[in-house]
């Protein structure tokens, strides 16, 4: 039975890996507003990478009251296969920043990002549209704020559209059930109460 479940999990994972990368905002030249390249904060080198900066507005009244607007800096390493992607959110009101890393390898994380899965439903996506999941990076700056104060852990979900970018901070890691016991992500719960904040950017 475990072998059968694992075959199903890997089928979802391979399908997610084969999908096209989500549309990204147009590349911009790095500016003084860009957050530092995350690996340098952990003592690593300044590897070749691209940098994009997006100003996001609070997506609802609750987010505006609790957090306010944020600036997202996306760093993508170049010249490597399946390049790591870091997304740093700078919170204007508190002056702090929090770093996330794209979850683009683990089978369960890829399943959570599948079309019709829990994260797609939380973001209001239909059909074959897929969101992108970012996990909280283990190396955080000392001023890292909490987007979900009542949760021990939080992740970030993004929808990269041609005209709109939407992001949501959620409690947990993006897969709220035991994936091995529930191999079909379309049956995983999508709880609106897990969303701590929403942000938007319109081109």
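Residue numbers (this note's numbering): 343 to 545.
Glycine included, each C-beta is placed from N, C-alpha and C at the ideal position.
Buried versus exposed, by CB contacts within 10 Å (16 or more), residue 481:
Here the question's residue 481 lines up with position 139 in the chain shown. A residue is called buried when at least 16 other Cβ atoms come within 10 angstroms of its Cβ; residue 481 does not meet this threshold and is exposed.
Residue from 485, 419 and 510 with nearest C-alpha to residue 440
Translated into the one-based positions of the chain shown, residue 440 becomes position 98. Comparing Cα-Cα distances from residue 440 to each of 485, 419 and 510, the minimum goes to 485.
Comparing C-alpha positions only, which one of 543, 544, 523 and 514 sits nearest to residue 532?
For the purposes of this step, residue 532 is identified with residue 190 of the chain shown, where counting begins at 1. Of the listed residues, the one whose Cα sits closest to residue 532 is 514.
Mind listing, in chain order, the continuous alpha helix (DSSP H) runs of no fewer than 4 residues lying wholly within the segment 437–475?
The qualifying runs are 449–454 and 460–464.
Assuming contact is defined by CB atoms lying nearer than 7 Å, are residue 452 and residue 476 in contact in what I supplied?
Against the chain shown, residue 452 aligns to sequence position 110. Against the chain shown, residue 476 aligns to sequence position 134. With contacts defined as CB atoms closer than 7 Å, residue 452 and residue 476 fail to qualify as a contacting pair.
For residue 422, which residues of its own chain have a beta-carbon under 8 Å away from its beta-carbon, when the five flanking residues on both sides are left out?
Walking along the chain shown from the start, residue 422 turns up at place 80. Nothing listed; no residue qualifies.
Could you name the residues of the same chain whose beta carbon sits closer than 6 Å to that of residue 517, not counting the 5 residues immediately before and after it, in chain order?
As a first step, residue 517 is located in the chain shown; it is residue number 175 there, counting from the start. Excluding its 5 nearest sequence neighbours in each direction, residue 517 has C-beta neighbours in its own chain below 6 Å: 450 and 454, listed in chain order.
Buried or exposed by the 16-neighbour rule on C-beta atoms within 10 Å, applied to residue 474:
The sequence position of residue 474 within the chain shown is 132, counting from 1. It counts as buried.
Residue 537: which of 463, 504 and 520 sits nearest, CA to CA?
Taking the chain shown and counting its residues from 1, the one referred to as residue 537 is at position 195. It is 463 whose Cα lies nearest to the Cα of residue 537.
So if DSSP puts residue 502 in a beta bridge, which residue, or which two residues, is it bridged to?
For the purposes of this step, residue 502 is identified with residue 160 of the chain shown, where counting begins at 1. In the DSSP assignment, residue 502 forms a beta bridge with 507.
Bounding residues of the alpha helix (DSSP H) (the contiguous stretch that carries residue 383)
Counting from 1 along the chain shown, the entry for residue 383 is found at position 41. Residues 380–383.
Using the Cβ count rule (16 or more neighbours within 10 Å means buried), how would you classify residue 495?
Numbered from 1 along the chain shown, position 153 holds the residue referred to as residue 495. Under this definition residue 495 is an exposed residue.
Name the residue from 381, 391, 384 and 544 whose alpha carbon lies nearest to the alpha carbon of residue 506.
Your numbering for residue 506 matches position 164 in the chain shown. Checked all of 381, 391, 384 and 544; the closest Cα to residue 506 is 544.
Nearest CA to the CA of residue 393: which residue from 405, 376 and 384?
Taking the chain shown and counting its residues from 1, one reaches residue 393 at position 51. Looking at the Cα atoms, 376 is the closest of the given residues.
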